[in-house]
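Structure first, commentary second.
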Amino acid sequence: MKVLVTGATGFVGANLVRALVQNEAIELYITIREASDLWRINEIKEKFHKICIVDLSNRIEVSNLLGQIKPQIIYHLAVYGGFASQDNKDEIIKTNLNSTINLLDAALEHGVQQFINTGSSSEYGIKNHPMSENDICCPVNLYGITKLAATNYCSMIGKLHGFRVCTLRLFSPYGNYEEPMRLYPTIVNALQANTSPRLSNPDSVRDFIEVEKVVSIYEKIISREYEPGDIINVGSGKQQTIEEFYNKIATSMNSKIEPLWNSTPPRAFEPQRWEADISKLRILKLV
29 MKVLVTGATG FVGANLVRAL VQNEAIELYI TIREASDLWR INEIKEKFHK
79 ICIVDLSNRI EVSNLLGQIK PQIIYHLAVY GGFASQDNKD EIIKTNLNST
129 INLLDAALEH GVQQFINTGS SSEYGIKNHP MSENDICCPV NLYGITKLAA
179 TNYCSMIGKL HGFRVCTLRL FSPYGNYEEP MRLYPTIVNA LQANTSPRLS
229 NPDSVRDFIE VEKVVSIYEK IISREYEPGD IINVGSGKQQ TIEEFYNKIA
279 TSMNSKIEPL WNSTPPRAFE PQRWEADISK LRILKLV
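Under my numbering, the first residue of the sequence shown is numbered 29, with each subsequent residue one higher.
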């Protein structure tokens with residue numbers, strides 16, 4: 029089975045391809061940009077059938093690539109704008125929306141069997157209840173707007189053509205190969221060095237989910253009977269405060285070090301509720 033993964037050098041993408049290369053039935057292709065940093069996948073790159081340098085915002089390049097590879101499955105995880113430092117508006121629109129449109133159109137053109145898109149809980153905006161796929165989405169930043177637009181395009185194409193496309197709407201994955209400045213590695217690295225991590229508001233909330241569980245859902249979804257164009261929340265189904273999350277990690281590391289709370293700037297929008305309704309995950313037996 030030929031599988032193409034975009035965003036394979038990112039956090040979730042790298043964890044996914046590390047799992048997929050263990051499956052001998054998969055002929056694995058990944059896309060990268062010319063400037064991609066391969067630090068997450070350097071030691072496994074020989075296991076890929078091919079590493080394809082391509083500009084996903086270029087329709088012709090994308091169509092030609094899929095015509096050459098002819099993959100059965102596409103996992104689309106390429107993304108830009110999830111970090112505060114990723115603030116180039118043109119790049120956010122180009123990567124999150126235009127590239128998704130190009131890739132999905134080419135998938136239809138070249139007979140791809142399934143297209144698994146990657147969404148974000150940022151599509152929802154601020155809610156005061158567990159976030160459901162049926163909620164009206166009101167994103168509060170350009171990143172969320174472009175991710176929502178890409179999700180809507182995938183849903184439209186799925187329903188219009190009966191095409192096997194779905195969006196896995198990720199909440200807050202954490203684990204190995206995260207960017208060093210993210211919460212989980214900040215905590216782990218500090219505790220390993222016997223220092224107090226600098227953290228923000230202890231009462232901030234997120235729906236954290238281990239990246240290994242996220243990867244398992246990506247692997248399982250292609251064998252499930254979801255609706256064409258479906259959207260599926262991927263979270264734990266339970267929000268945690270940053271303090272609760274810290275205590276969980278510190279306990280697992282047998283550390284009693286106290287963090288330096290409120291020592292980093294807060295986010296512009298800090299919700300009181302950030303929790304996934306994971307009913308669909310349960311219905312599809314993905315958890």
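All C-beta atoms, glycine included, are put in the ideal place defined by N, C-alpha and C.
Cβ of residue i within 8 Å of Cβ of residue j?
i    : j    : result
Y212 : I144 : no
A36  : V243 : no
V315 : G257 : no
Y181 : T128 : yes
S64  : N130 : no
R197 : I260 : yes
F199 : G263 : yes
K175 : N217 : no
H77  : E55  : yes
N222 : I285 : yes
D235 : Q267 : yes
R226 : S291 : yes
A42  : L94  : no
L66  : Y103 : no
L105 : T195 : no
G265 : I306 : yes
K313 : E161 : no
I250 : Q142 : yes
L219 : M281 : yes
N275 : V239 : no
S149 : A296 : no
Report, in whole angstroms, the separation of the C-beta atoms of residue i and residue j, which I expect to be a contact under 8 Å.
i    : j    : result
P294 : S228 : 5 Å
I79  : E62  : Not confirmed; about 12 Å, so no contact.
V233 : R301 : 7 Å
Y57  : K98  : The Cβ separation is near 10 Å, so there is no contact.
G153 : P167 : 5 Å
I72  : V40  : Not a contact, Cβ separation roughly 15 Å.
I88  : L132 : Not a contact, Cβ separation roughly 15 Å.
I237 : P287 : Wrong, their Cβ atoms sit about 22 Å apart, outside the cutoff.
Tell me the DSSP bridge mates of residue i?
i    : result
G147 : R197
M159 : A304
C80  : T59
L32  : Y57, I102
R226 : L288
R210 : None, per the DSSP bridge assignment.
Y171 : Answer is none; Y171 lacks a bridge partner.
Y202 : E238
Q142 : I101, R192
For the alpha helix (DSSP H) that contains residue i, what are its first and last residues?
i    : result
K276 : 270-280
V40  : 39-48
K313 : Taken as a continuous stretch (DSSP letters only), K313 belongs to no alpha helix (DSSP H), as it is neither H nor E.
N92  : 87-97
I72  : Note, I72: premise wrong, no alpha helix (DSSP H); not H, not E.
N298 : A small correction: the amino acid at residue 298 is Glu; Asn does not occupy that position in the sequence shown. Per DSSP, E298 belongs to no alpha helix (DSSP H) and is neither H nor E.
D118 : 117-121
Output yes if chain D places a C-beta closer than 8 Å to the C-beta of residue i; else output no.
i    : result
S264 : Considering every chain present, this structure includes no chain D. It has just one protein chain.
May I ask which residues mark the beginning and end of the beta strand (DSSP E) holding residue i?
i    : result
D258 : 258-262
I237 : 236-238
Using DSSP with H/G/I as helix, E/B as strand and the rest coil, what is residue i?
i    : result
L132 : helix
Q220 : helix
V233 : strand
Y254 : coil
Y108 : coil
Y181 : helix
Y246 : helix
N51  : coil
S127 : helix
I154 : coil
I215 : helix
K266 : coil
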